[in-house]
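J.: Residue numbers (our numbering): 17 to 94. Beta carbons: idealized from backbone N, C-alpha and C, even for Gly. Remember, it's a predicted structure, so these values are computed and weren't measured experimentally.
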Amino acid sequence: MMIKDQSEPAFPVPGSEYGGTGTFFGMTLRDYFAAKALQGTMSSPQIKGNSDLDSWRPEDFADFAYRIADAMLAARTA
17 MMIKDQSEPA FPVPGSEYGG TGTFFGMTLR DYFAAKALQG TMSSPQIKGN
67 SDLDSWRPED FADFAYRIAD AMLAARTA
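This is the structure we're talking about:
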């Protein structure tokens, strides 16, 4: 899977806005997509009591979320 730019900011704010002196780039779009993917996964009613997921460690959920984020970024460039 080819990802064009993983460092693209999710919520950039130019330095000229709000009287600021520097540009704030915020989190990357990849991080934002991963956070949303994890939020959606964890809010699903099917996640509670799912014995298949009982063995998942937090790192497994994070890896899963970033794989979804990478797919979302790839879909934007397709």
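Looking at phenylalanine 27: is its Cβ nearer than 9 angstroms to the Cβ of leucine 54?
T.: no
J.: Report the rounded CA-to-CA distance for glutamine 62 versus alanine 90, giving the unit in angstroms.
T.: 27 angstroms
J.: Cβ atoms of arginine 46 and aspartate 76: under 9 angstroms apart, would you say?
T.: Taking the C-beta atoms as reference points, arginine 46 is found no nearer than 9 angstroms to aspartate 76.
J.: Out of Arg92, Asp70, Asn66 and Tyr82, point me to the one whose CA is closest to tyrosine 48's CA.
T.: Tyr82
J.: Would you kindly check if the distance between the Cβ of glycine 42 and the Cβ of proline 30 is under 9 angstroms?
T.: no
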